[in-house]
Amino acid sequence: MGDKKKILIQLDGDPHPSVFDRVVAVDAGADCVFSYGGVKPDGVRDLVYGAIFTRGPEDLKSTAIFIGGSDVTLGESLLGAVRKSFLGPLRVSVLLDGAGANTTAAAAVIVAGRSAPLRGKRALVLGSSGPVGRRVATLLARQGAHVLVGSRSAERAAEVAATVRTAITGSDVHPVATGVAEDLLQALQGIQVVIAAGGPGVCLLPRDARVKARSLEVAIDLNAVPPEGIEGVKGGDFAKERDGVTAYGAIGVGGLKMKIHKAAVRQLFEANDQVLDVEAVFDLGSRLAPA
Amino acid sequence: MGDKKKILIQLDGDPHPSVFDRVVAVDAGADCVFSYGGVKPDGVRDLVYGAIFTRGPEDLKSTAIFIGGSDVTLGESLLGAVRKSFLGPLRVSVLLDGAGANTTAAAAVIVAGRSAPLRGKRALVLGSSGPVGRRVATLLARQGAHVLVGSRSAERAAEVAATVRTAITGSDVHPVATGVAEDLLQALQGIQVVIAAGGPGVCLLPRDARVKARSLEVAIDLNAVPPEGIEGVKGGDFAKERDGVTAYGAIGVGGLKMKIHKAAVRQLFEANDQVLDVEAVFDLGSRLAPA
Amino acid sequence: MGDKKKILIQLDGDPHPSVFDRVVAVDAGADCVFSYGGVKPDGVRDLVYGAIFTRGPEDLKSTAIFIGGSDVTLGESLLGAVRKSFLGPLRVSVLLDGAGANTTAAAAVIVAGRSAPLRGKRALVLGSSGPVGRRVATLLARQGAHVLVGSRSAERAAEVAATVRTAITGSDVHPVATGVAEDLLQALQGIQVVIAAGGPGVCLLPRDARVKARSLEVAIDLNAVPPEGIEGVKGGDFAKERDGVTAYGAIGVGGLKMKIHKAAVRQLFEANDQVLDVEAVFDLGSRLAPA
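As you go down the protein sequences, you meet chains G, Y and U in turn. The numbers in the first sequence follow this note's numbering, run straight up by one, and end at 309. The numbers in the second sequence follow this note's numbering, run straight up by one, and end at 309. The numbers in the third sequence follow this note's numbering, run straight up by one, and end at 309.
Now the structure itself:
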């Protein structure tokens, strides 16, 4: 029976389940979206049982789970609870994209590698201790880049570097404190790709530091709220030349992010055994984007 | 892409978002209704961002917002919060109809003017200090009627009159206390149209007072719960002659109210920049009703 | 207008309305499911009014109510509140299936009578004081079986027996305490049909007791969680011979339960005046199942 309606179950830790994720689900072709807000890990099992005990094995791929919400750590806990609730082949596919962190990081690293492969490139991630920054660093390392993970706090930078090194065997990832102008300049030495993944309202790379970084080839700013995270890179930039550097802004990257999000939702309904976390989302996005 | 599904986002201050409004939304052609209950003004921005950041400019008209809920004042606050969240052309159309007050008031004033234009008519609104009464008074004034706004409390009547006069420049609106039988008789002198918009269970116009009002042409009772708000006017009356007066009851008016509600929802999906508050709802209803 | 979308309003006492019931509703052909969680009896009236005041009399059969949730007693209270909210012919059809108890009990009793009519059979219900057990006992009595209702507590058994006798005039129902092995053996004397409806994780009928019951023809275990409620009956059993007895397990019965659940939802949209509680669900299921 290939004619079952496609049901996406949205699990969201926020009181009001995200409108954004619901609209994208509809536009990606889900026939029904069951939206749950205020979801906690201990409420997950019964919801998952409802997903896996209702349709026959051949129809389980027409039911899927999307985990979102502004709290990315909570989203990861929900994913853990979902996976623990599966009973062998009785399972459905899941996409994790709390705060859009997975699709945003995937889109950023895909555009970073648009003009030249990332293997062997020297990359700096600013604001790397946030959910998007961590994922960007992980994906860059996985692609074989040499990665500096920057944070205003040396401790946080060290923690991120250790986490990524553990996750990606053989990766070349080092921490760098970027709170002081001199340290930032030092960190930029030899860097070819810089990605700013800080929160809204903070400029992480002023123009004067940027123009001194002669080795820079690509600059990606994921912050959409003024001031610019990388001074001089505009939100709408997409492969725009800025002072000799190929620049991408948050809205420019956002177009690809949205395409990836929709493709990932569509992908859920292809089989019932997928877990689309950041790496699967990146792989899927890579197949979408033109070389 | 004119093929996007029509999504109506229902923002409702009550814990359970209204079934009534959801059914009407479906019957008016919305493909998906995203229902949110317990909505407070400070939760609105993220919901609106989800509406305006997901579809391209040409598709924004396929997403719209409906604001309902039993607390009409809260609904107005939600509308304010929605409008503040729009970012220039990044906006969607909105319909406000908390407690059905806008569609009910529009329907009442439209039937009031069915047989003869309201310009220059002398109208009395009983129970004018409630959400429906205030809107009825405003619409009557806007149509050029001379309006007496009645309330059992002289203070509340004065406040309503002042509010309507401020809203409708050049309007002729005066307060009248109607709690005492003599005052009510006095107020009815020369009145051609009377509309009772009080709460359930209160008779605002006894039959003996009504039959003494020789100038009366139209009597509209918006109260559906016994006893009658205008004694002798039955719920189902629609242009029914009662003691020489053309009478309309709550159910009679309700049929038009429902048509207006549905038409207003359909109208939302015509363009992305509409705000359908009471006056726009009235105008839309006027085009619907046969002359 | 037979073209109105089929709307199912799901009232659920649990904080998150059941995914299971939503999926079944979709698969049974409901076009829209309005899901409400955390519903209490005093919140029901406004929800029902929204159902009955929105569509014309001829279209009311396209709106229906499903009452679910894990608390079966609360579900019964919600049904009471729903029925009290109807206004004469202004009503919609309702299906009660809190915790799946009605559809499960119906399926169990239908399979119990598959090979031979239940009239005059001697049946024992183990774990009869739970919501499924009570319903099983009621349906067996209604079919004309001689019913023993078992419970580890003699008091609870007596209460269940009294309740069923009151509900089904002329029924032959007696209580039996089954907590002690000897009592259980005694109770099994002459029993032809045994149905175990206890909670998860409790074995109500050990193999040695079962094989001593020479009169036994049919054994049905409704517990899906190990250990088996009837030792030796497997979850997937459907008319499987086990030691000379025709055995049915929870999953085996579950297939019919699901068919009944879907058929009951479809049935809701046939007319606007049905109340599908356990007996109507049983009758409907009996017409489905092959003789």
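Glycine included, every Cβ here is placed at the ideal spot set by N, Cα and C. Quantities reported herein were computed from a predicted structural model and do not represent experimental measurements.
Which residues in the same chain as residue i place their Cβ atom closer than 7 Å to its Cβ, once the five residues preceding and following it in sequence are excluded?
{"i": "U:Val316", "result": "The displayed coordinates of chain U run from 19 to 309. Any statement about residue 316 of chain U would go beyond what the structure contains."}
{"i": "U:Gly323", "result": "Absent from the model: residue 323 of chain U. The displayed extent of chain U is 19 to 309, so no value can be given."}
For residue i, I'd like the list of residues in its chain whose CB is within less than 6 Å of its CB, leaving aside the five on either flank, ordered along the chain.
{"i": "Y:Phe300", "result": "Ala124, Leu157"}
{"i": "Y:Asp295", "result": "Leu114"}
{"i": "G:Asp255", "result": "Ala265, Tyr266, Gly267, Gly270"}
{"i": "U:Gly87", "result": "Asp30, Gly31, Asp32, Gly93, Gly116"}
{"i": "U:Ala176", "result": "Pro193"}
{"i": "Y:His279", "result": "Val42, Thr121"}
According to DSSP, residue i sits in a beta bridge with which residue or residues?
{"i": "Y:Thr264", "result": "Y:Val236, Y:Glu259"}
{"i": "G:Phe84", "result": "G:Gln28, G:Leu113"}
{"i": "G:Val293", "result": "G:Val112"}
{"i": "Y:Arg140", "result": "Y:His164"}
{"i": "G:Ile248", "result": "G:Leu223"}
{"i": "U:Ser169", "result": "U:Ala195"}
Between residue i and residue j, how many whole angstroms is the CB-CB distance? I'm expecting something under 8 Å.
{"i": "Y:Val182", "j": "Y:Val191", "result": "5 Å"}
{"i": "Y:Leu26", "j": "Y:Ala82", "result": "5 Å"}
{"i": "Y:Gly116", "j": "Y:Ser146", "result": "So it is not a contact: roughly 17 Å between Cβ atoms."}
{"i": "U:Leu166", "j": "U:Leu222", "result": "Their Cβ separation, rounded to whole angstroms, is 13 Å, which puts U:Leu166 and U:Leu222 out of contact at 8 Å."}
{"i": "Y:Val112", "j": "Y:Val62", "result": "Rounded, the Cβ-Cβ distance is 11 Å, inconsistent with contact."}
{"i": "U:Val110", "j": "U:Asn290", "result": "5 Å"}
{"i": "G:Pro107", "j": "G:Pro75", "result": "7 Å"}
{"i": "U:Val263", "j": "U:Leu234", "result": "5 Å"}
{"i": "G:Leu202", "j": "G:Ala172", "result": "Not a contact, Cβ separation roughly 13 Å."}
Between the alpha carbons of residue i and residue j, how many angstroms are there, rounded?
{"i": "U:Val44", "j": "G:Thr196", "result": "53 Å"}
{"i": "G:Gly162", "j": "G:Gly138", "result": "6 Å"}
{"i": "Y:Gly273", "j": "U:Met276", "result": "40 Å"}
{"i": "Y:Phe287", "j": "G:Ala281", "result": "26 Å"}
{"i": "U:Ser8", "j": "G:Gly93", "result": "Coverage of chain U is limited to positions 19 through 309, which leaves residue 8 of chain U absent and any answer about it impossible."}
{"i": "G:Val174", "j": "G:Leu96", "result": "Correcting the residue type first, residue 174 of chain G is Arg in the shown sequence and not Val. One C-alpha to the other measures close to 25 Å."}
{"i": "U:Pro59", "j": "U:Cys50", "result": "23 Å"}
{"i": "G:Lys24", "j": "U:Thr91", "result": "33 Å"}
{"i": "U:Asn120", "j": "U:Arg153", "result": "7 Å"}
{"i": "U:Ala309", "j": "U:Ala134", "result": "With a pLDDT of only 43 at U:Ala309, under the threshold of 50, the placement of this residue in the model should not be trusted; the figure read from the coordinates follows. Near 10 Å, if we compare the C-alpha coordinates of U:Ala134 and U:Ala309."}
{"i": "Y:Arg40", "j": "Y:Ile213", "result": "29 Å"}
{"i": "U:Gln207", "j": "U:Ala231", "result": "6 Å"}
{"i": "Y:Asp239", "j": "U:Ala298", "result": "43 Å"}
{"i": "G:Val178", "j": "G:Ala141", "result": "15 Å"}
{"i": "U:Met19", "j": "Y:Val236", "result": "Confidence is the limiting factor: at U:Met19 the pLDDT is only 47, short of 50, which leaves the residue's position unreliable, though a coordinate-based value still follows. Answer to the nearest angstrom: the Cα atoms are 33 Å apart."}
{"i": "G:Asn241", "j": "G:Val283", "result": "25 Å"}
{"i": "G:Gly247", "j": "G:Gln204", "result": "19 Å"}
{"i": "U:Glu200", "j": "U:Glu259", "result": "26 Å"}
{"i": "G:Leu105", "j": "G:Gly303", "result": "29 Å"}
{"i": "G:Arg225", "j": "G:Asp89", "result": "32 Å"}
{"i": "U:Asp77", "j": "U:Lys22", "result": "7 Å"}
{"i": "Y:Ile209", "j": "Y:Gly47", "result": "41 Å"}
{"i": "Y:Arg170", "j": "Y:Gly118", "result": "23 Å"}
{"i": "G:Gly151", "j": "U:Gly98", "result": "54 Å"}
{"i": "Y:Phe71", "j": "G:Phe38", "result": "7 Å"}
{"i": "G:Thr184", "j": "G:Arg305", "result": "27 Å"}
{"i": "G:Val251", "j": "Y:Val66", "result": "27 Å"}
{"i": "U:Gly55", "j": "U:Pro35", "result": "5 Å"}
{"i": "U:Val293", "j": "G:Ser103", "result": "35 Å"}
{"i": "Y:Val314", "j": "Y:Ala215", "result": "No information on residue 314 of chain Y is available, as it lies outside the stretch 19 to 309 that chain Y covers here."}
{"i": "Y:Val57", "j": "U:Val57", "result": "17 Å"}
Who are the neighbours of residue i on chain B, taking C-beta pairs under 7 Å?
{"i": "U:Ile27", "result": "In the structure shown, chain B does not exist; the protein chains are G, Y and U."}
In chain order, what residues of the same chain lie with their CB nearer than 8 Å to the CB of residue i, ignoring the 5 residues before and after it?
{"i": "Y:Ile186", "result": "Thr156, Ala159, Arg160"}
{"i": "G:Leu136", "result": "Val127, Ala130, Leu158, Gln161, Gly162, Ala163, Val211"}
{"i": "Y:Arg73", "result": "Lys22, Ser80, Thr81"}
>> List, from N- to C-terminal side, the beta strand (DSSP E) runs of 3 residues or more that fit wholly inside the stretch 39–105 of chain G.
In response: 50–54, 81–86
> Where in the stretch 172–215 of chain G do unbroken runs of the beta strand (DSSP E), each at least 3 residues long, occur, reported from the N-terminal end onward?
Replying inline: 190–195, 211–214
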